[in-house]
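Before any comments, here is the structure.
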Amino acid sequence: EAGVAQSPRYKIIEKRQSVAFWCNPISGHATLYWYQQILGQGPKLLIQFQNNGVVDDSQLPKDRFSAERLKGVDSTLKIQPAKLEDSAVYLCASSFYTGELFFGEGSRLTVL
Amino acid sequence: GENVEQHPSTLSVQEGDSAVIKCTYSDSASNYFPWYKQELGKRPQLIIDIRSNVGEKKDQRIAVTLNKTAKHFSLHITETQPEDSAVYFCAAKRRGSQGNLIFGKGTKLSVKP
Chain A
1 EAGVAQSPRY KIIEKRQSVA FWCNPISGHA TLYWYQQILG QGPKLLIQFQ NNGVVDDSQL
61 PKDRFSAERL KGVDSTLKIQ PAKLEDSAVY LCASSFYTGE LFFGEGSRLT VL
Chain B
1001 GENVEQHPST LSVQEGDSAV IKCTYSDSAS NYFPWYKQEL GKRPQLIIDI RSNVGEKKDQ
1061 RIAVTLNKTA KHFSLHITET QPEDSAVYFC AAKRRGSQGN LIFGKGTKLS VKP
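Line by line, the protein sequences are chains A and B. Counting from 1, one number per residue, gives the positions in the first sequence under our numbering. Counting from 1001, one number per residue, gives the positions in the second sequence under our numbering.
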């Protein structure tokens, strides 16, 4: 069974530039999550989608972060403009409704 | 909202000893408590989970206990091996699709041969 796919794996940008991350969940998984994991900390939820609708985006910094899940499958997370404190691993996860979360390998962002 | 506290932040044990990691949660509506293992540079992977209708669950060398009254749950690893070395995260989630998974800050477990 194919897992959660994410790209790119690594990205280095200057502050104030923009970046986009892509996620393809496991086939059939209705729920998709984006988490931010800063080094040495636990994953922090940014946004949760159920199909193509947003369930929870209360911790998404909406002045600079945006996410969409068109057609209820793939999702993109965008940061514009990036700040130094956005350096982190961005983890995408999916689940079949409320079951176990399966994580992708993550996209490591370094903002210089 | 939910808040999950995890202790200790680091744990070092000798191979063959047991390791215990403890978590507390704040939201009494939480009913699903998974544990994830994350090796360096890898994705978090589920190792065991427990739902609020049971007090204990075991899978070979790992077990999880849940005390709903006290709102805490623990991970127990027996006969530790060097390959158990990793960061372990507990998490808590509310019932239903509206609930999202809130993670603790993690415990770095080192098993010395």
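Even glycine gets a Cβ: it sits at the ideal position worked out from N, Cα and C.
Between P8 (chain A) and S94 (chain A), the CB-CB gap reaches or exceeds 8 Å. Contact check between the stretch 23-38 of chain A and the stretch 69-76 of chain A: three or more CB pairs, one atom from each, fall below 8 Å, which counts as touching. For the 8 Å CB-CB criterion, A1091 (chain B) and P1008 (chain B) do not form a contact.
The beta carbon of L45 (chain A) sits closer than 8 Å to some beta carbon of chain B.
T31 (chain A): member of the beta strand (DSSP E) spanning T31 to Q37, first to last residue.
Rounded to whole angstroms, the gap between the alpha carbons of G1055 (chain B) and L109 (chain A) is 40 Å. Excluding the 5 residues flanking it on each side, V55 (chain A) has same chain C-beta neighbours closer than 8 Å at T31, Q48 and F49, in chain order. The beta carbon of A2 (chain A) sits closer than 8 Å to those of I26 and S27, all from its chain and outside the five residues before and after it, given in chain order. Per the coordinates, the alpha-carbon of S87 (chain A) lies some 7 Å from the alpha-carbon of I38 (chain A).
Ranked by Cα distance from V4 (chain A), the options A:L112, A:C92 and A:E100 are led by A:C92. By the Cβ-count criterion, D1084 (chain B) is buried, with 16 or more other Cβ atoms from all chains shown falling within 10 Å of its own Cβ. Across the structure, G40 (chain A) and Q1081 (chain B) are spaced so that their CA atoms are roughly 23 Å apart. Taking CB atoms only, R1043 (chain B) has a neighbour in chain A less than 8 Å away. By the Cβ-count criterion, G1041 (chain B) is exposed, with fewer than 16 other Cβ atoms from all chains shown falling within 10 Å of its own Cβ. At the C-beta level, D1049 (chain B) and R1094 (chain B) stay beyond 8 Å of one another.
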